[in-house]
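Residue numbers (my numbering), protein chains in the order written: chain C, 233 to 375; chain P, 233 to 375.
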DNA sequence: AGATTAAAAGACCTTTTTATCCTTTTTATA
DNA sequence: TATAAAAAGGATAAAAAGGTCTTTTAATCT
Ligand code: FES
Ligand code: FES
């Protein structure tokens with residue numbers, strides 16, 4: 233479904249969001265331990281999210297990653313879009329160069345339902361809401 | 233969503249199914265032209281589908297690929313499963329080693345809905361039904 | 001100022017996926 | 001039986017994804 237970059241990125245940003253609700257700045261090494269991801273590779277992913285202004289990075293002692301207040305309502309769809317592009321929201325399920333309801337592939341109408349379901353789910357899920365859920369439910373970010 | 237192998241495989245098998253309803257045996261070169269896919273690569277994919285007994289291949293002059301009557305009710309889910317495995321039906325959206333409702337990731341319950349929607353759609357769509365649809369609707373397999 | 005801490009950036013390596021080429025095997029039919 | 005058609009199979013190559021390592025930049029604390 234998602235690339236490894238995107239999986240790590242989502243787990244990382246969710247972890248950072250959750251820690252942000254507790255006012256904790258978290259370092260790369262903490263993140264990669266807590267989400268069980270390769271550290272150097274995760275660094276690359278976080279750089280992309282930093283450049284996209286989804287997370288904020290702070291260098292030096294006591295530095296790390298955090299999410300600014302007004303970014304806590306970032307939707308998961310934006311994170312996916314930054315890391316995997318938006319082919320997943322617009323692409324043809326059978327790989328035609330573009331998806332077009334006016335000359336659809338045989339799977340188009342069934343596929344678009346699923347694709348839109350995914351997009352709506354991601355567009356309606358903010359980092360803040362996930363972080364709040366995590367503080368009440370028992371959910372995990374590593375296994 | 234799907235790998236290139238799977239996209240080509242789905243398009244190929246759908247094309248073969250449609251031609252099968254007209255009693256046409258189709259050659260690799262015809263298939264790769266009609267679905268606009270790299271011929272040699274498509275050959276590899278069709279070999280997998282042949283070994284999985286989803287399509288039948290016939291060597292020699294007037295040979296090619298066809299689908300036997302009792303295989304026309306093969307579901308798209310089986311084709312996807314052969315070519316991409318079933319991680320797409322069972323895997324965690326955030327990439328945890330396994331998806332488990334008893335210790336779910338923060339996206340689990342929202343993700344499972346989408347994932348099951350996709351699986352149900354593919355499990356309920358047979359080659360025959362797609363082929364029949366194509367004979368009434370205008371749909372395409374190349375662009 | 002100098003030492004230390006931590007992220008950013010870029011070069012590099014490895015594995016997997018995608019794709020091509022060429023030879024071999026099978027088979028229909030002239 | 002020779003020939004041509006067509007799939008099968010193997011070797012290889014190119015591209016993309018996944019991952020590591022080293023150097024640079026920035027912040028903090030003596
Ligand atoms: S054209 Fe294939 S999904 Fe829309
Ligand atoms: S545990 Fe992540 S989707 Fe089920």
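Glycine residues also receive a C-beta, built at the ideal position from the N, C-alpha and C atoms.
Kindly give me the distance between the Cβ atoms of residue i and residue j, rounded to whole angstroms, as I take these residues to be in contact under 8 Å.
i: residue 266/C; j: residue 374/C; result: 6 Å
i: residue 258/C; j: residue 248/C; result: 6 Å
i: residue 315/C; j: residue 271/C; result: At roughly 17 Å, the Cβ-Cβ gap does not stay under 8 Å, so residue 315/C and residue 271/C are not in contact.
i: residue 357/P; j: residue 307/P; result: 6 Å
i: residue 360/C; j: residue 305/C; result: 6 Å
i: residue 239/C; j: residue 326/P; result: 6 Å
Going straight from the alpha carbon of residue i to that of residue j, what length do you get?
i: residue 352/C; j: residue 244/C; result: 22 Å
i: residue 274/P; j: residue 233/P; result: 19 Å
i: residue 329/P; j: residue 253/P; result: 42 Å
i: residue 260/C; j: residue 320/P; result: 29 Å
i: residue 251/C; j: residue 309/C; result: 20 Å
i: residue 298/P; j: residue 289/P; result: 6 Å
i: residue 301/C; j: residue 354/C; result: 20 Å
i: residue 237/P; j: residue 278/P; result: 10 Å
i: residue 331/P; j: residue 322/P; result: 7 Å
i: residue 364/C; j: residue 347/P; result: 24 Å
i: residue 242/C; j: residue 317/C; result: 14 Å
i: residue 256/C; j: residue 335/P; result: 24 Å
i: residue 345/P; j: residue 372/P; result: 29 Å
i: residue 303/P; j: residue 287/P; result: 8 Å
i: residue 276/C; j: residue 370/P; result: 45 Å
i: residue 366/C; j: residue 366/P; result: 46 Å
i: residue 313/P; j: residue 268/P; result: 23 Å
i: residue 311/P; j: residue 263/P; result: 17 Å
i: residue 324/C; j: residue 282/C; result: 30 Å
i: residue 235/P; j: residue 362/P; result: 21 Å
i: residue 333/C; j: residue 333/P; result: 36 Å
### Message
Just to be sure I understand the criterion: a residue counts if its Cβ is closer than 7 Å to at least one heavy atom of ligand 1. Which residues meet that?
### Response
In chain order, the residues that have a beta carbon nearer than 7 Å to some heavy atom of ligand 1 are 324/C, 325/C, 326/C, 328/C, 331/C, 332/C, 333/C, 336/C, 337/C, 339/C, 340/C, 343/C, 344/C.
### Message
Between the segment 294-304 of chain C and the segment 332-341 of chain C, can you find at least three pairs of beta-carbon atoms closer than 8 Å?
### Response
Because the criterion of three Cβ pairs below 8 Å is not met, the segment 332-341 of chain C and the segment 294-304 of chain C do not touch.
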